[in-house]
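Undergrad: The opening residue of the sequence shown carries number 131 in our numbering; numbering runs sequentially from there.
Glycine included, C-beta positions come from ideal geometry on N, C-alpha and C.
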Amino acid sequence: MNKIIEKAASRVRSRKPSPGGSTSDSKTLKNQGSNASCLNISSTNTLGYGNLRCAVALPEGEDLNEWIAYHISDFYKQTTMLYGAILPKCTTANCPTMSAGKHCYGYLWQEVSGSTPKPLPAAEYVDNLMTWINELLEDEKMFPSAINLPFPAQFRDNAYKIIKRLFRVYAHIYLHHLQDVREMKMEPHLNSSFKHFIFFVQEFQLISAEELKPLQEVIDVLTKKVPC
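(1) According to DSSP, is residue 248 helix, strand or coil?
(2) Residue 191 by DSSP, collapsed to three states: which one?
(3) Go ahead and label residue 112 buried or exposed: buried means 16 or more other beta carbons lie within 10 angstroms of its beta carbon, across all protein chains shown.
(4) Output needed for residue 239: all residues of its chain with C-beta closer than 7 Å, excluding positions within five of it in sequence on either side, in chain order.
(5) With DSSP run on the structure shown, which of helix, strand or coil describes residue 229?
(6) Whole angstroms is fine: what's the gap from residue 308's alpha carbon to residue 340's?
(7) Let me know if residue 167 comes out buried or exposed under the rule of 16 or more other beta-carbons within 10 Å of its beta-carbon.
(8) Spatial neighbours of residue 330 within its chain, please: C-beta separation below 6 Å, excluding the five flanking residues on both sides.
(9) So, helix, strand or coil for residue 296, using DSSP?
(10) Going by the CB atoms, is the gap between residue 327 and residue 304 shorter than 9 Å?
(11) Looking at the unbroken beta strand (DSSP E) that takes in residue 240, where does it start and where does it end?
(12) Given a cut-off of 9 Å, decide if residue 195 and residue 285 are closer than it, judged by their beta-carbon atoms.
(13) When the Cα of residue 128 is compared with those of 292, 338 and 322, which residue comes out closest?
(14) Does the region 221-230 come close enough to the region 312-321 that 3 or more CB-CB pairs lie under 8 Å?
(15) For residue 163, which residues from the same chain have a beta carbon less than 8 Å from its beta carbon, with the 5 sequence-adjacent residues on both sides left out?
(16) Hey, how far is the Cα of residue 353 from the Cα of residue 264?
(17) With a CB to CB cut of under 8 Å and the five nearest residues on each side skipped, what residues in its chain are close to residue 349?
(18) Assuming residue 292 and residue 266 form a contact by the criterion Cβ under 8 Å, report the distance between their Cβ atoms to the nearest whole angstrom.
(19) So, under 8 Å CB-CB, residue 301 and residue 336 are touching, yes? Tell me the CB distance rounded to an integer number of Å.
(20) Am I right that residue 297 and residue 199 are in contact with their C-beta atoms under 8 Å? What's the rounded C-beta distance?
(21) Can you grab the Cα-Cα spacing for the pair residue 148 / residue 252, in whole Å?
(22) Report all residues from its chain with a CB closer than 7 Å to the CB of residue 161; omit the five preceding and five following residues, and keep chain order.
See the structure below:
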């Protein structure tokens with residue numbers, strides 16, 4: 131199991147919950163329905179971070195690539211922590227494939243470009259994904275840490291892929307482990323994190339409407355009546 135996720139899981143389990151492959155790819159299986167309507171998500175069950183829709187807007191004078199890179203790093207840390215919390219429940223027996231809803235959306239893992247995409251247990255899929263993202267984040271050529279260094283031409287393409295695949299982790303948590311999250315009293319954390327994430331996605335149109343369908347009803351609830 132990925133040490134990154136193991137560390138996140140250890141940190142979550144050790145504290146009381148608050149009440150409040152470089153060429154890796156993944157493919158989506160055909161949608162066969164939707165079961166997000168039974169989640170009973172409340173728009174008020176968050177941590178109240180202020181107006182997140184306004185917070186994600188690109189500040190005047192800020193470089194867009196820098197802004198995207200900063201948020202990717204943040205969302206990566208958040209999803210790693212959230213998934214780490216439910217990792218003990220995300221077993222091969224409980225989650226034999228990476229999916230978003232039973233018989234709805236399935237995700238295949240493609241180890242290298244040109245290889246045959248294959249289904250993996252959810253934990254293995256997320257393990258591969260987080261390893262791949264971590265390698266990109268630590269690659270100075272892809273995510274330069276110095277402000278004066280330019281971003282490579284392929285940065286946006288990789289950034290969009292990362293964001294799209296982090297969404298799949300959120301979708302899996304909501305549609306397969308929401309009860310586990312609620313038992314740990316972490317739903318406000320999950321909702322707040324996803325709300326921030328989806329406002330950023332909407333602001334810069336980073337994920338297609340088709341990819342967002344597994345959690346569209348959750349998105350509608352969390353983002354309704356939030357102007358900027």
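TA: In terms of the structure at hand:
(1) strand
(2) coil
(3) Outside the modelled stretch of the chain, which goes from 131 to 358, sits residue 112, for which no answer is possible.
(4) 156, 247, 248, 250, 255 and 258
(5) strand
(6) 22 Å
(7) Reliability of the predicted coordinates at residue 167 is poor, the pLDDT of 48 falling under 50, and no value is obtained from them.
(8) 186 and 201
(9) helix
(10) no
(11) 235-240
(12) yes
(13) The chain is shown from 131 up to 358; residue 128 falls before or after that span and cannot be answered.
(14) no
(15) Since pLDDT at residue 163 reaches only 41, below the 50 mark, its modelled position is unreliable, and no value is offered.
(16) 29 Å
(17) 328 and 342
(18) 7 Å
(19) No, residue 301 and residue 336 are not in contact; Cβ-Cβ is about 15 Å, not under 8 Å.
(20) With a Cβ gap of about 18 Å, residue 297 and residue 199 do not count as contacting.
(21) For residue 148, the pLDDT reaches just 31, beneath the cut-off of 50, and the residue's location in the model is therefore unreliable, although a value from the coordinates is still provided. Approximately 26 Å between the Cα atoms of the pair.
(22) With a pLDDT of 46 at residue 161, under the threshold of 50, the modelled position of this residue cannot be trusted, and the question is left open.
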